[in-house]
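Asker: There's a structure below that I have some questions on.
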Amino acid sequence: MDKLLALNMFVETVRCGGYSAAARKLGIATSSVTRQVAALEADLGAVLLSRSTRHNTPTDAGANYFERAVSILEAVAHADSLVSDRGEARGRLRISVPVEFGRRVIAPHIGRFLATYPELNVSLSLSDEIIDLSKERVDVSVRLGTAVSSDDIVCKPVGQFERWIVGSPSYLVQARLPETPLDLLEHPCLKFDYGSAQQNWQFRKGDELFSVAVTGRLQSNNADILREAALDDQGLTLLADWLVMDDVREGKLTRVLPDFQVNPGNANASINVMFLPNHRGSSRIRVFVEFLQELLSHR
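With the sequence shown counted from 1, adding 9 to any position gets you the working numbering.
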């Protein structure tokens, strides 16, 4: 039995909640996972997982063993990275980015990144959810807005963006063009879903600060849904400049209140990369961060 291989399959089974899900994540047959975990249990003389038709959950012994197994696998990965991930960028790089940022900013240039680093294998996942880097086995994550403050995560700002309030020209012909932030109270606002029905947009102009509790009938956790609704004359929305810049340039959307900096609630407009502390000095992460910084510098 390959003990490290068995440990990895046991850990993934616990994380995924079952043999089949772990096998899908690892890209192998379910029978391979069950065989390795069974061999590990036989070697230990202990039952690590309880079996059911739907889920495989750790026993008390399995839960204790899982925590130590994770530490062992992380230590091995860290030791490997110290040796193999400090020179030329090579191997697998797992990246997580917000959905529309990935589609609009990174996707048009990913081919150039792959061509520049032919020894890298890239797994690019698009998600607007805040993920657990360790649990999801992600090397580097891009997140927009307020930086994470934690000893468990390295958070590095790599750029800035602006949020623009936009509406379609035809909508703005029907409705009165907002001249002040308070005028938004007279408009249906298309809001990003941050988990609360109530939402304030914060406006700053010099030393002046305004907070407006916007209302509207549409709320979505996908920015492009809000963009499409704005293009379809449904109201005003607050979106990242990189998402609507081309629409504004082509006259499909009009920016309103351009003299104000605007953000939802207390969020800021920074672009951050996040990775685990044991990935400091990783050449794979370094080249991706440099690639992203270069992209953002030419916007």
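Even for Gly, the Cβ is constructed at its ideal location relative to N, Cα and C.
All of these numbers come straight from a predicted model, not from anything done at the bench.
Expressed to the nearest angstrom, what Euclidean distance is found between the alpha-carbon atoms of leucine 181 and glutamine 208?
Answerer: Roughly 22 Å separates the two Cα atoms.
Asker: Looking at the structure shown, is lysine 261 part of a helix, part of a strand, or coil, going by DSSP?
Answerer: Coil.
Asker: Is leucine 199 helix, strand or coil when you go by DSSP?
Answerer: Three-state result, leucine 199: strand.
Asker: Taking serine 134 as the reference, which of Val106, His118, Asp148 has the closest Cα?
Answerer: Nearest option by C-alpha distance: Val106.
Asker: Which partner residues of isoleucine 174 appear in the DSSP bridge assignment?
Answerer: Its beta-bridge partners are Leu247, Val265.
Asker: What ranges does the beta strand (DSSP E) occupy inside the stretch 207 to 251, keeping only unbroken runs of at least 3 residues that lie completely in it?
Answerer: Runs of the beta strand (DSSP E) inside the stretch 207 to 251: 208 to 214, 217 to 223, 245 to 249.
Asker: Kindly confirm or deny that the stretch 126 to 141 and the stretch 166 to 173 touch, where touching means at least three C-beta pairs closer than 8 Å.
Answerer: The answer is no - the stretch 166 to 173 does not touch the stretch 126 to 141, with fewer than three Cβ pairs under 8 Å.
Asker: If you compare alpha carbons, which of Gly54, Gly71, Lys12 is closest to isoleucine 45?
Answerer: The amino acid at residue 45 is misidentified as isoleucine; the sequence shows glutamine. Measuring from the Cα of glutamine 45, the nearest candidate turns out to be Lys12.
Asker: Taking C-beta to C-beta, are aspartate 160 and lysine 214 nearer than 8 Å?
Answerer: No, the pair does not count as a contact, with Cβ atoms beyond the cut-off.
Asker: When you compare the CB positions of glutamate 109 and alanine 278, do they come within less than 8 Å of one another, or not?
Answerer: No, they are not a contact pair.
Asker: State the start and end residues of the unbroken beta strand (DSSP E) segment that holds asparagine 275.
Answerer: Neither: asparagine 275 is in no beta strand (DSSP E) and is coded neither H nor E.
Asker: Grab me the residues of aspartate 141's own chain with a C-beta within less than 8 Å of its C-beta, minus the 5 sequence neighbours each way, in chain order.
Answerer: There are no such residues.
Asker: How would you label valine 85, buried or exposed, when you count the other beta carbons within 10 angstroms and need 16 or more for buried?
Answerer: The residue in question, valine 85, is exposed, as its Cβ has fewer than 16 Cβ neighbours within 10 Å.
Asker: Taking all protein chains shown into account, decide if proline 178 is buried (16 or more other Cβ within 10 angstroms of its Cβ) or exposed.
Answerer: Classification for proline 178: exposed.
Asker: Based on the DSSP output, what are the partners of glycine 100 in its beta bridges?
Answerer: Partner(s): Leu129.
Asker: Report the residue from Thr43, Asn65, Ser291, Ile81 whose alpha carbon sits nearest the alpha carbon of valine 27.
Answerer: One detail in the question is off: residue 27 reads as glycine in this sequence, not valine. The shortest Cα separation from glycine 27 among Thr43, Asn65, Ser291, Ile81 belongs to Asn65.
Asker: Let's see if you can read the secondary structure: which residues bound the beta strand (DSSP E) around leucine 305?
Answerer: Careful: leucine 305 lies outside any beta strand (DSSP E), inside the alpha helix (DSSP H) at 292 to 306.
Asker: Just the C-alpha distance for aspartate 216 and glutamine 270, rounded to the nearest angstrom, thanks.
Answerer: Going from the Cα of aspartate 216 to the Cα of glutamine 270 covers about 11 Å.
Asker: Quick one: residues in its chain with C-beta nearer than 8 Å to the C-beta of arginine 146, no 5 flanking neighbours on either side, listed in chain order?
Answerer: Excluding positions up to five away in sequence, the list reads Arg103.
Asker: Three or more C-beta pairs closer than 8 Å, one from the stretch 189 to 201 and one from the stretch 222 to 236: is that the case here?
Answerer: Short answer: they touch.
Asker: Start and end of the beta strand (DSSP E) containing asparagine 287?
Answerer: That residue, asparagine 287, is in no beta strand (DSSP E); it is neither H nor E in DSSP.
Asker: Could you give the C-beta distance for leucine 285 and isoleucine 162, rounded to a whole number, given that I count them as a contact under 8 Å?
Answerer: That belief holds up - the Cβ atoms of leucine 285 and isoleucine 162 are roughly 7 Å apart, short of 8 Å.
Asker: Between which residues of its own chain and leucine 191 is the CB-CB distance below 6 Å, once the five residues before and five after are set aside?
Answerer: Nothing listed; no residue qualifies.
Asker: Tell me the DSSP secondary structure of arginine 113 in three-state form.
Answerer: Three-state result, arginine 113: helix.
Asker: Could you tell me if glutamate 128 is buried or exposed, where buried requires 16 or more neighbouring beta carbons within 10 angstroms of its beta carbon?
Answerer: Classification of glutamate 128: exposed, given that the 10 Å Cβ count is below 16.
Asker: Are the beta-carbon atoms belonging to glycine 176 and valine 257 less than 8 Å from one another?
Answerer: The answer is no: Cβ separation not under 8 Å.
Asker: With a cut-off of 8 Å, do at least 3 Cβ pairs link the stretch 244 to 258 to the stretch 284 to 303?
Answerer: The stretch 244 to 258, when compared against the stretch 284 to 303, does not touch it at the 8 Å Cβ threshold.
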